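Here the sequence shown is numbered in the numbering used here, starting from 11 and rising by one per residue. Each residue gets a CB set at the ideal place from its N, CA and C atoms; glycine is no exception. Keep in mind that this is a model prediction, so the values were computed, not measured. As structure tokens, the structure follows; a few thoughts come after it.
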Amino acid sequence: MDFRKTYFLLPNLFTLAGLFCGFYAISVCARLSDEGGGSDALYKASLAIMLGLFFDAADGRIARLTRTQSELGLHLDSLSDLVTFGVAPGLVIYRWGLEGFGRAGLFIAFLFVAGGAFRLARFNVLSLRAIDEKPGKYMLGLPIPVAATVLISTVMAFHAIGINQTTNHILVATLVTVLSYLMISRVRFRSMKDLKLTKRTTAVVGLLLASAVLVAVRISRPAVLIMLVGCYITLGLIEEMVLLRKGRVERIRAARAQALAPAPTEELASESEVLAELGIDDDASARAPASPEGAVTTA
11 MDFRKTYFLL PNLFTLAGLF CGFYAISVCA RLSDEGGGSD ALYKASLAIM LGLFFDAADG
71 RIARLTRTQS ELGLHLDSLS DLVTFGVAPG LVIYRWGLEG FGRAGLFIAF LFVAGGAFRL
131 ARFNVLSLRA IDEKPGKYML GLPIPVAATV LISTVMAFHA IGINQTTNHI LVATLVTVLS
191 YLMISRVRFR SMKDLKLTKR TTAVVGLLLA SAVLVAVRIS RPAVLIMLVG CYITLGLIEE
251 MVLLRKGRVE RIRAARAQAL APAPTEELAS ESEVLAELGI DDDASARAPA SPEGAVTTA
């Protein structure tokens, strides 16, 4: 028996385990009216989704360690993420803070699911195009597990301080809408796969740990996730503003350089017209080497 073939099953089993966590959370939301105790049920569903985050982080690492990455695993992981971090959090946040809006609340919750589906589909397309390249420093759009963590950690934090359901439905709707937009946007967020142990990285990690301990003691432990994810999103938005400004400066410099370039004189223009009439330009262009195709970049 070739044990190497069984290595391909290991990361897929972790992916399916994460899918089961999402399915369990959906089943809890579906039985919410029958079981009663809505706050405790939503808390259990949120815990299941959080457990799915562990399996989602583990399957990719296991696949890289065992060198069993495949297109099947890529698509299976995306389908699992759509259920666990798209549909399940959408139902949880609908039953927790959007149900008071009726059909409008259901539509807002669907925006989160639709944004996550678009984000995962775009991620698969870009990944297959760069399948032989190293992982990039940035990811296009907010990752769906991060967006789901914001919603689920909010529900868990309010449960920890004794609030069963929110009364500010407008704030919840705004949060869901913003997260949905960030997932389908062209804002680049760090993949965190290129981090190295440096003095700056150690200082930042130490500061985050100290802040996490302070938030856990003063507020609640689920609020730590909100703080960490909030810092991650804020970092992405700030870096995007810096990159946009840098790109704008480069475009301005290129425009100035083009404006300062000497324009062709009328004599040169007339000479080129005469050469074109004589057919010399055609021969020269035929003898000229072909220019290489420009590299197509995707963002």
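Close-in-space but distant-in-sequence residues of the same chain around residue i (CB under 8 angstroms, 5 per side omitted)
| i | result |
| --- | --- |
| Val223 | none |
| Ala127 | Leu92 and Gly96 |
| Gly70 | Pro21 and Asp87 |
| Leu247 | Val197 |
| Ser195 | Gly151 and Leu152 |
| Leu57 | Met166 |
| Thr176 | Trp106, Gly107, Phe168 and Val182 |
| Phe111 | Ile118, His179 and Ala183 |
| Tyr34 | Ala55 and Ala58 |
| Val102 | Ala35, Cys39, Leu52, Ala55, Ser56, Ile59, Leu161, Ile162 and Val165 |
| Met149 | Phe133, Arg198, Phe199, Arg200 and Ser201 |
Contact belief for residue i with residue j at Cβ below 8 angstroms, rounded distance in angstroms
| i | j | result |
| --- | --- | --- |
| Leu253 | Arg200 | Leu253 to Arg200, Cβ: 12 angstroms. No contact. |
| Thr94 | Leu20 | Wrong, their Cβ atoms sit about 19 angstroms apart, outside the cutoff. |
| Val38 | Phe122 | Their Cβ separation, rounded to whole angstroms, is 18 angstroms, which puts Val38 and Phe122 out of contact at 8 angstroms. |
| Val214 | Glu250 | With 8 angstroms as the limit, Val214 and Glu250 do not qualify as a contact, their Cβ atoms being about 19 angstroms apart. |
| Leu189 | Val160 | 6 angstroms |
| Gly172 | Ser90 | Not confirmed; about 33 angstroms, so no contact. |
| Arg139 | Met193 | No, Arg139 and Met193 are not in contact; Cβ-Cβ is about 20 angstroms, not under 8 angstroms. |
| Ala51 | Leu61 | Between Leu61 and Ala51 the Cβ distance is about 16 angstroms, and since that is not below 8 angstroms, they are no contact. |
Residues near residue i by beta carbon distance below 7 angstroms, same chain, minus five either side
| i | result |
| --- | --- |
| Ser137 | Leu84 |
| Leu288 | Because the pLDDT of Leu288 is 48, which lies under 50, any placement of that residue in the model is unreliable, and the number read from its coordinates should be weighed accordingly. Counting only Cβ-Cβ distances below 7 angstroms, and skipping sequence neighbours, we find nothing. |
| Met237 | Ser221, Ala222 and Val225 |
| Pro232 | Ser163, Met166, Ala167 and Ala170 |
| Tyr104 | Gly115, Leu116 and Ala119 |
| Ser230 | Ala167, Ala170 and Ile171 |
| Ile154 | Asp91, Phe95, Gly96, Gly126, Arg129, Leu130 and Met193 |
| Pro302 | With a pLDDT of only 38 at Pro302, under the threshold of 50, the placement of this residue in the model should not be trusted, and no figure is reported. |
Run of the alpha helix (DSSP H) containing residue i, from where it starts to where it stops
| i | result |
| --- | --- |
| Leu29 | Leu19 to Ala40 |
| Leu219 | Lys209 to Arg228 |
Residue i classed as buried or exposed, judged by whether at least 16 other C-beta atoms fall within 10 angstroms
| i | result |
| --- | --- |
| Ala269 | exposed |
| Ile262 | exposed |
| Asp66 | buried |
| Ile36 | buried |
| Ala267 | exposed |
| Val8 | Since the first residue of the chain shown is 11 and the last is 309, residue 8 is not available in this structure. |
| Met202 | exposed |
| Val227 | exposed |
| Thr211 | exposed |
| Ala55 | buried |
| Leu219 | exposed |
| Ala158 | buried |
| Val135 | exposed |
| Ala73 | buried |
| Phe64 | exposed |
| Leu217 | exposed |
Residue i: first and last residue of the uninterrupted beta strand (DSSP E) it sits in
| i | result |
| --- | --- |
| Met149 | Tyr148 to Leu150 |
Beta-carbon contacts of residue i that lie in its chain and below 6 angstroms, excluding the five residues immediately before and after
| i | result |
| --- | --- |
| Lys209 | none |
| Gly100 | Ala119, Phe122 and Val123 |
| Gly125 | Ser190, Met193 and Ile194 |
| Tyr242 | none |
| Phe18 | Thr78 |
| Gly32 | Gly62, Val93, Thr94 and Ala98 |
| Thr25 | Asp69, Leu86, Asp87 and Ser90 |
| Val234 | Ala222, Val225 and Ala226 |
| Leu23 | none |
> Where in the region 155-200 do unbroken runs of the beta strand (DSSP E), each at least 3 residues long, occur, reported from the N-terminal end onward?
Replying inline: Those beta strand (DSSP E) runs which fall completely within the region 155-200 and span 3+ residues are 198-200.
>> Threshold first: 4 residues or longer. Then list the alpha helix (DSSP H) segments lying entirely within the region 76-124, N to C.
In response: With a minimum length of 4 residues, the continuous alpha helix (DSSP H) runs that stay inside the region 76-124 are 81-92 and 98-103.
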